[in-house]
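Remarks on the structure that follows.
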Amino acid sequence: DLHADFQISHLIHKKKIRSSDKSLYSLSINSIDLPLTAERGRSCFKNVLSDSDRKILALAFFLASVQQNPDDQIVVFDDPVSSFDNERKRAITKKIGDICQSVEQVIILTHDVGFLREIEWEPNLHDKAFLVITNDGTNSNLDNSQDTKDYLEDNHRKRIKRLLEMQNTGIFENNFEAECRKLMEH
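Using the working numbering, the first residue of the sequence shown is number 1, and each one after it goes up by one.
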């Protein structure tokens, strides 16, 4: 569901680690058994999956554990989409929206305005409470007066103003092209 480039063929619980809440598992991906640690010249978890695939697998395990026991939970996502492409961001947003229907509270922290836009478009998320923490370089302020759409539009207007200033002065910052792209994507 999260647009991974692999499928888990089977997952076997091997044993519970003494004096810990952790367990060891045997993992098979695309019908290939993968040990967690490398043996000379053999495939293992670390050298078969990319960093992004390992992150998506960890997120999938976390989402599955939340879905198995949703009652009275407060779930915090700290930048859950960092380093993921747009397809995965949309899939993750949908899954978070599904989780919102069964848990007590979901808190999402992000710096990714594109992800914030995905949240705005997700039916199970767009009408939820929204807080913005701004930082002017010296102080951080909490602003809960805006909804997501207003914040995104204000951000859009600020970007347009900044780009017009660069054009009018002829002094272009290093991130000019990136800011133009964000404007076009918006």
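Built from N, CA and C at the ideal position, the CB exists for glycine as well.
Check: Between the beta-carbon of residue 221 and the beta-carbon of residue 8, is there less than 8 Å?; Outcome: Residue 221 is absent from the model: the chain starts at 1 and stops at 186.
Check: Does residue 95 come within less than 8 Å of chain D when only Cβ atoms are used?; Outcome: Here chain D cannot be found, since the structure has a single protein chain.
Check: Does the stretch 93–101 touch the stretch 129–138, meaning 3 or more C-beta pairs lie closer than 8 Å?; Outcome: no
Check: Does the beta-carbon of residue 119 have 16 or more other beta-carbons within 10 angstroms, so that it is buried, or is it exposed?; Outcome: buried
Check: With a cut-off of 8 Å on the beta carbons, I'd call residue 180 and residue 164 a contact; round off their distance for me.; Outcome: 11 Å between Cβ atoms; not a contact.
Check: Could you please give me the residues that DSSP links to residue 76 through a beta bridge?; Outcome: 107
Check: So if DSSP puts residue 32 in a beta bridge, which residue, or which two residues, is it bridged to?; Outcome: 29
Check: Alpha carbons only, please: which of 142, 141 and 85 is nearest the one belonging to residue 114?; Outcome: 85
Check: Nearest to residue 104 by alpha carbon, out of 171, 32 and 66?; Outcome: 66
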